[in-house]
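Undergrad: Got a structure here, written out as structure tokens. Questions coming.
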Amino acid sequence: MRPHGFWESETSMAVYEDWSTERAAQVISENRHLEGATMPILHALQETFGFVPDPAVPMIAESLNLSRAEVYGVLTFYHDFRREAPGRHVVKLCAAEACQSVGGKALAQYVEEKLGVDMGSTSPDGRVTLEPIYCLGLCACAPSALVDGQLVGRLDRDAIDEIADCFANGKSFGDA
Amino acid sequence: MKSPRIFVPNDATAVACGADRVARKLEAGLLARGITADITRNGSRGLFWLEPLIEVETERGRIGYGPVKPSDIEDLLHAGILHGADHPLCVGLVDEIPYLKKQTRLTFARIGIIDPLSLTDYKAHGGYRGLERAITLGPSATVEEVVESGLRGRGGAGFPTGIKWRTVAAAPADQRYIVCNADEGDSGTFADRLIMEADPFCLIEGMTIAGLAVGATKGYVYSRSEYPLAFVVMEKAIEKAREAGLLGDNILGSGLSFDMEMRMGAGAYVCGEETALLESLEGKRGLVRAKPPLPAHKGLFQKPTVINNLVSLATVPVILDKGGKYYRDFGMGRSRGTMPIQIAGNIKFGGLFETAFGIPLGELVYDIGGGTASGRPVKAVQAGGPLGAYLPTHQFDTPFDYEAFAAKDALIGHGGLVVFDDTADLADMAKFAMEFCAHESCGKCTPCRIGSTRGVETIDKVIAGEKREQNLALLTDLCHTMKLGSLCALGGFTPYPVLSALNHFPEDFGVAPKLPAAAE
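What follows is the structure, encoded as structure tokens:
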């Protein structure tokens, strides 16, 4: 008996492929037919490799008949696109007003301490990347975060401890 | 005997509060008891403090239990929730909960009630009646129906939707587009997300009607990467609508062609501004365009484009179904119909409250929202997102209405309210508004790009007490320049939170409070 209309939320720790020009070329050609294909291509590359490596820029430019500068401009304009590989775990903590109104700033400090990484950076061992995010639309159950793609509402110190423990044991949050 | 139907919400709020684990636990608990039940993952009713809210269909109606933790399931099953038994988590008949009962749900009539991806459910609750009527009326009468409804852009600018459609319909073109602005980046807002996750066909129907009305055959929904669930649900719904012949060629045998696609933003707040959004859709940096030309004349790929906020488009089906006059009869003044007000932040009963325009702000915060979650006194409410004003409690008699808010130097924006208790430091929040603008500025115009950075520095100096009077004068002047000189609302509206914080809470800036009369 599978509940109907059931779909799981975006899952856990992402596993990315190693960079290869052949695979990148394939991803680009799968999306190049779309109107205004630049953003969908960048998203697809990032989903595949975890980031958009610099060698992808001339490939996109050639495929879409754009200048490298145009593609580079788009890649660097949007906060989501990475040019370097993220940590094995990614924590995005909401920094917007609703989360601030319920102690989000103090909680952010606690997350930094607990995960041993500063906001906006990746830990030296490559375990975790911590980033601010501006609004997950969970403002009525703030503070909130996106932990390895899983939405977390009513975030408190206990939940943060649990997240840190999961990461320390090489597990993904929410697998339990 | 019919197997009992149980609902476990699947919107992002419910999921973020553990609804997936609750559903799994429920499934296992029923299996262990050998009970066959139909677990439907519905959208949320928008009563977020109760999420996850399990509902059980009984002869009396839908009985609710919430907020449910996975560890509560065994106890609930033991108590006999399948028969609507009493339990400490029982909230009774969900339809009778005052928060829900006091609402006028037109746009959000179906959310939380139906399975979001069931076309059968959608149609059983009035879905596609609007499109059928639009097909009967034909394009120009459909546009006029929307004009008559008095619907204004729910994204914040409040421009009459019907007039926009009329302009696009009249613009000569070989191709027109419908673009749905679902880049809901304002803190405190989640109405767009809720429609996408809980009633996606409503948006699809609204966009199809818009396509028919103005002669557009292609639509795009530009949503946010911060809304991963909404994207998945919308993509599935579009696929289902296509399979059912409700998108594509010859829709409902009318000869009408319309198809649509989802597109994802990439974390740039400025792309919620309509022209920056169009640039982004075209595959460029989200730089704001100077107007004119208006998107209605030269929009996406230089073609005439209807670009509407998601809630505006999702309101179109009910307008076409029940008529423009029916919709227009709700509201006050020039604010017609209903508004989904999103109550959030430090609030006891946070959620979505759809009601006719005109309800006083204080009623929303105290009577509906129940005051702060912390139990401390309310200090201020930020209305209309990060670029909206902070309203102090002495302005809580302001009715929820575009013009009434404007008269108080405030905005209703996308209808979000973020409540703060007395521990909030409004000087800090004013500084955050400037920082946010500096972080998110597209960089095209100087007042926004430079003004916001200078704004942060100047507020820092005011807080530190460094030449306070001169720096306050400079800050006020800077705000004036940003307001009048910025190319779009990002730079143009940042002064709202800054100046309202300064005017109403001068003590937070280390400035002696003015007399209440002077602070008005």
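If you're matching them up, the sequences are chains A and B in order. For the first sequence, position 81 matches number 83 in my numbering, and the numbering has no gaps at all. For the second sequence, position 36 matches number 37 in my numbering, and the numbering has no gaps at all. Idealized CB from N, CA, C, for every residue including glycine. Please read all numbers here as calculations on a predicted model, not as lab measurements.
1. Would the beta-carbon of B:THR399 be found less than 8 Å away from any heavy atom of the ligand FMN?
2. Suppose contacts are defined by Cβ-Cβ distances below 9 Å. Is A:VAL104 in contact with B:ALA192 by that definition?
3. Which residue spans inside the stretch 347–418 of chain B form an unbroken alpha helix (DSSP H) run of at least 4?
4. So which of B:LEU412, B:LEU485, B:PRO496, B:ALA357 has the shortest CA-CA distance to B:ALA439?
5. Name, please, each residue of chain A whose Cβ falls closer than 7 Å to the Cβ of B:GLY268.
6. What does A:GLY155 reach in chain B if we use C-beta pairs closer than 7 Å?
7. Who are the Cβ neighbours of B:LYS26 in its own chain at under 7 Å, not counting the five residues just before and after it?
8. Let's see if you can read the secondary structure: which residues bound the alpha helix (DSSP H) around B:CYS449?
9. Would you identify the three-state DSSP class for B:VAL23, choosing helix, strand or coil?
10. Spatial neighbours of B:PRO341 within its chain, please: C-beta separation below 7 Å, excluding the five flanking residues on both sides.
11. Taking the straight line between their C-alpha atoms, what separation do you get for B:ASP116 and B:GLU185?
12. Of all Cβ atoms in chain E, is any one closer than 9 Å to the Cβ of A:GLY52?
13. Measuring CB to CB, does B:TYR221 end up less than 9 Å from B:CYS181?
14. Could you please give the first and the last residue of the uninterrupted alpha helix (DSSP H) stretch that includes B:PRO498?
15. Measuring alpha carbon to alpha carbon, tell me which of B:ARG63, B:PRO89, B:GLY466 ends up nearest B:PHE510.
16. Would B:TRP166 pass as an interface residue toward chain A - the criterion being a Cβ-Cβ separation below 9 Å?
17. Please report the Cβ distance between B:LEU488 and B:VAL289, rounded to the nearest whole angstrom; I am assuming they are in contact, meaning their Cβ atoms lie under 8 Å.
18. Whose C-beta lies closer than 8 Å to the C-beta of B:LEU90 among residues of the same chain, with five residues either side of it excluded?
19. Cβ atoms of B:VAL463 and B:GLY325: under 9 Å apart, would you say?
20. Could you spell out the range, first to last residue, of the beta strand (DSSP E) harbouring B:GLU145?
21. Classify B:ALA520 as helix, strand or coil using the three-state DSSP reduction.
22. Does B:ALA425 come within less than 9 Å of chain A when only Cβ atoms are used?
23. Pick helix, strand or coil for B:LYS241, following the three-state DSSP scheme.
24. Interface residues of chain A around B:GLU240 at Cβ under 9 Å?
25. I need the DSSP call for B:THR108, collapsed to helix, strand or coil.
26. Check the C-beta distance from B:PHE421 over to B:GLY346 and give it rounded, since I have them as a contact under 8 Å.
27. Here's a check: name, in chain order, each residue in its chain whose Cβ is nearer than 7 Å to the Cβ of B:GLU149, leaving out the five neighbours to either side.
28. Quick one: is B:LYS445 buried, meaning 16 or more other Cβ sit within 10 Å of its Cβ, or exposed?
29. Tell me, please, whether the CB atom of A:CYS141 is closer than 9 Å to any CB atom in chain B?
30. Nearest chain A C-beta to B:MET265 closer than 9 Å, yes or no?
31. Could you please give me the residues that DSSP links to B:ALA345 through a beta bridge?
32. How far does the beta strand (DSSP E) with B:ILE209 in it extend, from its first residue to its last?
33. Since B:ALA238 and B:GLY113 should fall inside the 8 Å C-beta cutoff, what is the C-beta to C-beta distance between them, to a whole number of angstroms?
34. DSSP three-state label for B:ASP39, please.
35. Closer than 9 Å, CB to CB, is B:GLU274 near chain A or not?
36. Can you find the residues in the same chain that come closer than 6 Å, C-beta to C-beta, to B:TYR228, ignoring five residues on each side of it along the sequence?
TA: Reading it off the structure:
1. As presented, the structure is devoid of all ligands, the ligand FMN included, so that no description of it is given.
2. no
3. 403–408
4. B:PRO496
5. TYR80, HIS81, ASP82
6. THR14, ALA17, CYS18
7. PRO71, ILE74
8. 447–465
9. helix
10. THR108, PHE109, ALA192, VAL312, LEU353, GLU355, GLY416
11. 23 Å
12. Here the protein chains are A and B, and chain E is not one of them.
13. yes
14. 496–505
15. B:GLY466
16. no
17. 5 Å
18. TYR66, GLY67, PRO68, VAL69, ASP73, LEU77
19. no
20. Here B:GLU145 belongs to no beta strand (DSSP E); instead the alpha helix (DSSP H) covers 140–150.
21. Reliability fails at B:ALA520, whose pLDDT of 46 lies under 50, so the model's placement of it is uncertain and the value that follows must be treated cautiously. Helix, per DSSP.
22. yes
23. helix
24. Those within 9 Å of B:GLU240 in chain A number zero; the least Cβ separation is about 13 Å.
25. coil
26. 6 Å
27. GLY325, LYS326, ARG329
28. buried
29. yes
30. yes
31. B:VAL419
32. Before going further, note that residue 209 of chain B is Thr rather than Ile in the sequence given. Not the beta strand (DSSP E): B:THR209 falls in the alpha helix (DSSP H), residues 201–215.
33. That belief does not hold up - the Cβ atoms of B:ALA238 and B:GLY113 are roughly 16 Å apart, past 8 Å.
34. strand
35. no
36. ARG194
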